[in-house]
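Visitor: The numbers in our numbering rise by one with no breaks, and the one at position 151 of the sequence shown is 1260. What follows is a structure written as structure tokens; I'll ask about it next.
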Amino acid sequence: MSKNTEPKITEPKITEPKITGPKITGVLETALYVEDLDRSVRFFREVIGLSTMLETETLAAFDAGGQTVLLLFRRGGSTEDSHSDMGVIPGHDGSGPLHMAFAISADSYDAWCAHLRAAGVVERGEMRWRAGGRSFYFEDPDGHVLEVATPRLWPNY
């Protein structure tokens, strides 16, 4: 008997948190860890169209729209704590194919798909969400699964 590996996708809903306290106002930074930082910087600048705000030998920071920053770290280049006169940033790293999504307008979806296909990215799939949103999944040069997603994907987007 074969096991059904297809995930059951149900309608998402917002539930209230179990704790009270200060509220999160958004995700500020998302990080991906890459083998070749120069190659990845070119991809996110030239294919995705993001502007760099900072580039070092181990890190690139991109304006990812709104108040969101995409950080690219050279894999293995940030495992030690970083000390400066401003304070300490704890060491971190990651491996394997990670996932992140870029918010796009519904009317730009087809243009984004055409642009990414013309750029020769590896396509991974598309979704038409029950609430009306659409997603196009593709890979960056390190095999991370990226997504461009329109509104009506989540109850809060």
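Just so you know, even glycine gets a beta-carbon here, dropped at the ideal spot from N, CA and C.
According to the neighbour-count rule (16 or more other Cβ atoms, all chains shown, within 10 Å of its Cβ), is A1169 buried or exposed?
Guide: Buried is the call here.
Visitor: DSSP state of Y1142, grouped into three classes?
Guide: Residue state, collapsed to three classes: strand.
Visitor: In whole angstroms, give me the CA-to-CA distance for D1216 and R1243.
Guide: Taking the straight line from one Cα to the other gives about 11 angstroms.
Visitor: Between T1228 and E1256, which are expected to be in contact by the criterion C-beta below 8 angstroms, what is the C-beta distance as a whole number of angstroms?
Guide: According to the sequence as given, residue 1228 is Ala; it is not Thr. Going by Cβ atoms, the distance from A1228 to E1256 rounds to 15 angstroms, so no, they are not a contact pair.
Visitor: When the Cα of K1117 is compared with those of T1129, G1200 and R1239, which residue comes out closest?
Guide: Closest option to K1117, Cα to Cα, is R1239.
Visitor: Pick from H1208, R1237 and P1206: whose alpha carbon is nearest that of D1219?
Guide: Among H1208, R1237 and P1206, the Cα nearest to that of D1219 belongs to R1237.
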